[in-house]
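Residue numbers (this note's numbering): 60 to 261. Even glycine gets a Cβ: it sits at the ideal position worked out from N, Cα and C.
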Amino acid sequence: MEFKNRRLALLLCFLALFFPLRSAAQIGHSDGGRRNDFKFTLLSLGSGSTRITYERAFSQKHSGEVTVGLIGAGWDFLNHTRSKGLLLKLAYKWCLIPMESSDSWLAGFYVKPEFVWAQFLYGKSQPDRMAPPSNPEETNQMALLAEGGYQFLFDWFVFDIYAGLGPSFGTGNSNNYYHSFMLFPADGRLAFTAGFRVGVAF
60 MEFKNRRLAL LLCFLALFFP LRSAAQIGHS DGGRRNDFKF TLLSLGSGST
110 RITYERAFSQ KHSGEVTVGL IGAGWDFLNH TRSKGLLLKL AYKWCLIPME
160 SSDSWLAGFY VKPEFVWAQF LYGKSQPDRM APPSNPEETN QMALLAEGGY
210 QFLFDWFVFD IYAGLGPSFG TGNSNNYYHS FMLFPADGRL AFTAGFRVGV
260 AF
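Right, here's the structure in full:
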């Protein structure tokens, strides 16, 4: 019951963040061209989760991101486990070098601090897909990552590639995978992330 309550609280926090951002998105594009985007982390599907990011540009140099992940909405080809839980990522971005061919504030080379929180149950898959995983364990892990990346914008199409490092704290897990980052070494505290997203700008 406690795990379900935490998931509900996380969902309410996301909604509280999303609606003010959505209201701000209604402002016209007189400056900065396209100032909002939704992005999808394609590779997350193959690791057992679905992650969607909303980004809002506040100015030419500054934007914010909120990412919500549904752990269990995907196919875990990486560890062959059945997981169920939530992921939350919050980031503030500084665009250091804008993309020259774009008039949008969303495009260019950026750096960002990102807070990541993941909580999920996981265990080995059973032959019966409807059965609960065997010997389920719970992970509650956080990380604070320093990331850099480049976001391309071609009209409405967004391609975002990134990598980052930072400290991580929590319960750990036997797979050394947290649906957004890994630890090096597996029993250490250094988190590493890398990947790409695709999406639409508006």
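Residue i versus the options, residue with shortest Cα-Cα distance
| i | options | result |
| --- | --- | --- |
| SER118 | GLY92, THR112, PHE97, GLY247 | GLY92 |
| LEU203 | PHE179, LEU180, PHE174 | PHE174 |
| PHE255 | TYR221, GLY131, ASN234 | TYR221 |
| LEU145 | TRP176, GLY231, ASN138 | TRP176 |
| TYR113 | TRP153, SER160, SER161, THR126 | THR126 |
| GLY107 | LYS120, THR140, HIS121 | THR140 |
| LYS120 | GLY167, GLU159, SER160, SER161 | GLY167 |
Rounded straight-line distance, which links the Cα of residue j to that of residue i
| i | j | result |
| --- | --- | --- |
| ARG115 | TRP215 | 14 Å |
| PRO195 | ILE111 | 26 Å |
| GLN178 | PHE211 | 31 Å |
| PHE136 | GLY208 | 26 Å |
| LYS148 | PRO157 | 24 Å |
| VAL217 | VAL259 | 6 Å |
| PHE97 | SER233 | 32 Å |
| GLY182 | GLU197 | 9 Å |
| TRP10 | PHE99 | Given a span of 60 to 261 for the chain in the structure shown, any question on residue 10 remains unanswerable. |
| GLY87 | PRO244 | The pLDDT assigned to GLY87 is 43, lower than 50, so where the model puts this residue is not dependable; a value taken from the coordinates is nonetheless given after this. For GLY87 and PRO244, the distance between alpha carbons rounds to 47 Å. |
| GLU206 | THR109 | 21 Å |
| PRO172 | SER161 | 24 Å |
| TRP153 | PHE213 | 20 Å |
Residue j beta carbon less than 7 Å from that of residue i
| i | j | result |
| --- | --- | --- |
| ASN199 | GLY247 | no |
| LEU104 | GLY128 | no |
| ASN95 | PHE240 | no |
| GLY123 | TYR151 | yes |
| TYR236 | ASN138 | yes |
| GLY231 | THR252 | no |
For residue j and residue i, believed in contact at Cβ under 8 Å, the rounded distance
| i | j | result |
| --- | --- | --- |
| PRO226 | LEU249 | 7 Å |
| LYS143 | LEU180 | 5 Å |
**Prompt:** Hey, which unbroken runs of the beta strand (DSSP E) at 3 residues or more fall wholly within the segment 158 to 187?
**Reply:** 167 to 183
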